[in-house]
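What follows is a short report on a single structure.
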Amino acid sequence: MKGTAIIMLCSCLLSILMFSYAADTITANQTISDGQTIVSAGGEFEMGFFSPKGNPMNRYFGIWYKKISTGSVVWVANRESPIVNTSGVVRVSSRGIVVSVNQSTVSIWMSNFSGSVKNPVAQLLDTGNLVLRDENEQQNFAWQSFDHLVDIFLPGMKFGYDLVTGLDRYFSSWKSDDDPSPGNFIHRLDKNGFPQLILWKDSNAWYRAGPWVGSRFSGTPVLKPNGIYTPRFVITETEAYYVFYRVNSESPYTRLTLTPGGVSRRFIWNREKHDWTPYLTSQVSDCDRYGMCGTNGVCNVNKTPRCECMDGFDPKKPEDWAEADWSSGCSRNVQLECGNGDGFLKYAGVKLPDTRWSWYNMSMGLAECEIKCLKDCNCTAYSNTDIRNGGSGCLLWFGGLNDMRGYSDDGQNLYVKMPASELKDNNKFRVKKHLQLILVPVLATLTLMIGSFLLYAYKARRPNRAEKVRVQDVEEVEDFDLPSFSFMQIANATDNFSNNKQLGKGGFGTVYKGILEEGQEIAVKRLSKDSGQGVDEFMNEVSCIAKLQHRNLVRLLGCCIEEGERLLIYEYLPNKSLDFYIFDEKMCQSLNWPKRYDIIIDFGLARTFGESETQARTTRVVGTHGYMSPEYAIDGMFSVKSDVYSFGVSVLEIITGKRNRGFDHPDHNLNLIGHVWKQYHECNLLEVVDSVVLESSNHHEVFRVIQIGLLCVQEYPEDRPNMSLTIMMLTSDDALPIPKQPGFFSERRNHPQIGSRSSDKAFTLNTISVSSCAPR
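If you use mature numbering (1 follows the signal peptide of the UniProt record, and there is no 0), the sequence shown corresponds to residues -22 to -1, 1 to 754, in order.
Quick look at the structure:
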């Protein structure tokens, strides 16, 4: 007994293990006691009980190399619950693998498995993976040690997330060389924004290799092709993970280790020296420390001092920088001027910034990526997601740029947005003016979708005006430099308003396609005589649209008020109206979130013209049901805040792909506004967003726009923002107010188009405050 104890105490890493099973499996009627081991079929790995060097009294069940480097532990089961003697036993049951003491029913450790296996078998594979399976199932594993990493990364292991089950495969260091319990360092994949690997010390980011750029991590030097291992980084709808494989069976053995000191290091097995040789170390200088130079600062190990600000930026706290404390970072000398000539500075050879506050698209090109960033006032930089074959994919950053490093020719190109005033005298900048948006065909007929509601955005109805055509009406039209077409011109252009020329019907009449004598295609809105719209409304629409010659809305070419007719002549747009796209199951696929966001911004900008807070009362309510505000539909009161309401409805329709009027849900009788409001308070906004939007968006950005839409449709006009403030909220990341209950938030009975305060049963919720919602 004394000799056995001496041998155990003198062991460098493992206890002397006296007996090995011939098979590589444990069945339900077998157990492994301390002193017995299981060897994988090819002899590569072995598992059993061991004691770490320097702590021989603590016993752990684990896996180590057998064929090479005997004693190098790669996995530990009961790392937090050591057995203090040699009474440990391992058995297999239908519920999993269990480590206990003296076959006690009290388990020290059990595999994290929630199901059950009919004929359970635990098997040690030649990859070093311990699996639990049914003895009749060779490939379907109920549980595997490769899903529960410790501190060693072996070939074939997946380091990252299963986005379907929520399984998070991450590494945690040993507490010390003698203690396998979890230490202070955790290396895990962060799936916020563009997925990346981050090493954490306690709750602080410690090291980041940079995002994967097709063949390597952005923050690591370019490595020459080797015959040792092949790395891959996989991003799909169901998984995001890093993995590597040995090139072939003759390749040297390799593994990654996370040391107790927080260093990630790759080792290669040296056959001649019969030892592990360091091959690559992740952290080699102080520039590898996360955020060494603060926000918008760049660290370069070849420069003194280490940190510098990007061009156009200066230290936030110069006094701290003078003392070599760069953590405060850098701030812009001149703030960005969105829409006023912003351009980009190209930084070559850098470790790309932290991508937790980013958006990405794997199929876009660099040119599209630049346009996307230029149009988004919150975007501060862009780059490719893949540097191979000339580059592909799009990666956008929002806000400050963190944890950058200069790598000379080994890094990647980063394009940082700069204001025009900072670009003029710097030949390193490549300045581009804002490109014209390509969404004109889709946006142009948005005014048709909402009928004639834009009539009232410019001025309120004028009382006591005659309901007949007068000379001064024509003169008022001419004040806007719009041509007056003769009735005969329009009749000839439309084949005398033939049914074959009809494009559709709106709340006030029919729209026809026509061709003028000179060949120009037109769309003619012919107001019906019994539509309820008289000269007042007609002239309001003319004045409104004439002033609103926005590039992304349909252009008014002229009008006609002869022969008792009231005709509006618009440019013809072949791609139909917006509702044709967003409410059609197939056509909506062409409108991803970036396009819908642009639609919202451009339409909002168009509606800011000639704002006036003046409120007027009308005895004849005309407009498109589903877009009318409560005060206008019920009381005939109209102001620009009524127009804000209709804009908010349009925003919610664009995001959800559903019509407000006629919206139907199996769980309630609310309209679309009520449904979105309900889900907002339940923090379940993913349920309301169109699937096309979900697949192409930063969810936080979508949720923010939904909240802005809810602010626009609040019940009382004084609570709604004006359009200028709405645009400011859409193009900034400032904190948003909490919206109050929207108008027409009630369960519908007889009047689903507008609801009724007197007859509808109100739908109420407890008063709560929600500042933001996050994806579930």
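Here a beta-carbon is modelled for each residue, glycine too, at the ideal position from N, C-alpha and C.
- Ranked by Cα distance from Val489, the options Glu496, Gln498, Gly497 and Asn478 are led by Asn478.
- Counting only runs of at least 4 residues, the region 43 to 114 fully encloses no alpha helix (DSSP H) element at all.
- By the criterion of at least three beta-carbon pairs nearer than 8 Å, the region 284 to 304 is not in contact with the region 132 to 146.
- The region 318 to 335 makes contact with the region 171 to 178, as at least three CB pairs between them are under 8 Å.
- Three or more pairs of CB atoms, one per stretch, sit closer than 8 Å, so the region 228 to 239 contacts the region 144 to 152.
- When the Cα atoms are used, Thr704 and Lys353 turn out to be separated by approximately 17 Å.
- In the structure shown, Thr704 adopts helical secondary structure according to DSSP, grouped into three states.
- A residue is called buried when at least 16 other Cβ atoms come within 10 angstroms of its Cβ; Ser607 meets this threshold and is buried.
- Contact between Ile10 and Val68 is confirmed by a C-beta separation of about 4 Å, below the 8 Å threshold.
- Excluding the 5 residues flanking it on each side, Val77 has same chain C-beta neighbours closer than 7 Å at Phe39, Ala55, Asn56, Gly66, Val68, Ser85, Ile86 and Trp87, in chain order.
- Under the DSSP definition of a beta bridge, Asp168 partners with Gln174.
- Annotation for Val680: the continuous alpha helix (DSSP H) segment containing it runs His677 to Cys690.
- Following the DSSP letters along the chain, one finds Gln122 inside the beta strand (DSSP E) bounded by residues Phe119 to Gln122.
- Within the same chain, Cβ atoms closer than 7 Å to the Cβ of Tyr268 are found at Ala183, Trp184, Tyr185, Arg186 and Asp381, the five residues on either side in sequence being excluded.
- Under DSSP, Gln480 forms a beta bridge with Tyr490.
- Partner residues in the beta bridge of Pro720, as assigned by DSSP, are Gln692.
- Rounded to the nearest angstrom, the gap between the Cα atoms of Leu535 and Leu546 is 8 Å.
- In the three-state reduction of the DSSP assignment, Ile539 falls in the coil class.
- Here Gly20 has Asp104 as same chain residues with Cβ atoms under 6 Å from its own Cβ, once five neighbours each way along the sequence are excluded.
- Counting only runs of at least 4 residues, the region 270 to 310 fully encloses the following alpha helix (DSSP H) elements, listed from N- to C-terminal order: 296 to 299.
- With respect to the 8 Å criterion, Ile651 and Val680 are not classified as neighbours on the basis of their beta carbons.
- According to the DSSP assignment, Tyr185 belongs to the beta strand (DSSP E) that extends over Asn182 to Arg186.
- By the beta-carbon neighbour count (other beta carbons within 10 angstroms, threshold 16), Pro256 is exposed.
- Annotated three-state conformation of Ala218 is strand, per DSSP.
- The three-state reading of DSSP puts Gly138 in strand, counting E and B together.
- In chain order, Ser336, Trp337, Tyr338, Cys347, Lys350, Cys351, Asp354, Cys357, Ala359 and Tyr360 place their CB closer than 8 Å to the CB of Leu374, counting only its own chain and leaving out the 5 sequence neighbours on each side.
- Residue environment for Gln467: buried (at least 16 other C-beta atoms within 10 angstroms of its C-beta).
- As a beta-bridge residue in DSSP terms, Leu258 pairs with Arg244.
- Assigned with DSSP and collapsed to three states, Gln14 falls in strand.
- Ranked by Cα distance from Arg574, the options Pro199, Val667 and Ser72 are led by Val667.
- Nearest Cα to Pro158 within the set Trp53, Met396, Gly542 and Tyr223: Trp53.
- With a threshold of 16 other beta carbon atoms within 10 Å, Leu663 meets it and is buried.
- Distance from the Cα of Gln101 is smallest, within the candidate group Ser92, Asp129 and Phe119, for Phe119.
- Around the beta carbon of Gly721, 16 or more other beta carbons sit within 10 angstroms, so the residue counts as buried.
- Judged by DSSP in its simplified three-state form, Arg383 adopts strand.
- Under DSSP, Leu663 forms no beta bridge with any residue.
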